[in-house]
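Visitor:
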Amino acid sequence: MQTATKPIESTARPVMRSIETDGPYSELKDKLMLFGQFAGTWEYESQYFLPDGKTARAKGEIHFGWILGGTAIQDVMTGVVLDTPPGFPRTGFGTMVRFYDPNIDAWHCVWVAPLSRVVQTFTARKVGDEIILEGKNAEGFLERWIFSGITPDTFDWRAVESRDKGQTWRLDQKIWARRISPEK
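Numbered per numbering that gives the first Met the number 0, the sequence shown spans residues 0 to 183.
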């Protein structure tokens, strides 16, 4: 209980730090490593492919870490657009929380990007050598976010969208990521 001598601010930071965890929940470790393999800090370069044919480049960092007793992975992504088209945001921030659900043998994922006013949900599974997140974008169209070319120190990522119920897919964005440091 907060009192006048103990301001709310004094407890907020320790509580936020308490969601961080050193590693995966042991009972699900093998399944959790699908996204747990990314724990650490990454730098990235990105290319956006806009519907009007223009492109925009960006670069930034992604920080992946274990949270909630090792039952989930969170990433925090920050970036800056290098050649901003009119109406396109100059900077970006977002976070995704992912957790494995043994009942469906898949991951529930939630992406939040406040500056873009976007909240998206996805279901993710390993398909061959890729990790595919499937959901719908803000306009209700099918969207896939795909991790590929995964090595211990690199991965590629792409976002594709279908406006015809999966008959054709348009590339929206590509990311090329390189590990800066593993999780400590």
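Glycine included, each C-beta is placed from N, C-alpha and C at the ideal position.
#1: How do the region 159-176 and the region 28-36 stand: do at least 3 beta-carbon pairs fall below 8 Å, yes or no?
#2: Using beta-carbon positions only, say whether D82 and R56 come within less than 7 Å of one another.
#3: Can you check which of these residues, E133, S115, T90, is closest to H107 by C-alpha distance?
#4: Tell me which residues share the same chain as E19 and place their Cβ nearer than 8 Å to its Cβ, disregarding the 5 neighbours each side in the sequence.
#5: Classify A38 as buried or exposed, calling it buried when 16 or more other Cβ atoms lie within 10 Å of its own Cβ.
#6: Could you say which of W144, G148, Q166, F48 lies nearest to R157 if we only look at CA atoms?
#7: In the DSSP output, which residue or residues are listed as bridge partners for L170?
#8: So what does DSSP say about P26, is it helix, strand or coil?
#9: Who are the Cβ neighbours of E42 in its own chain at under 6 Å, not counting the five residues just before and after it?
Guide: Reading it off the structure:
#1: no
#2: At a Cβ-Cβ threshold of 7 Å, D82 and R56 count as neighbours.
#3: Out of E133, S115, T90, E133 has the C-alpha closest to the C-alpha of H107.
#4: G64, W65, I66
#5: buried
#6: W144
#7: V159
#8: The sequence as given places Glu at residue 26; Pro does not occur at that position. If DSSP states are grouped into helix, strand and coil, E26 belongs with the helices.
#9: E60, R177, I179
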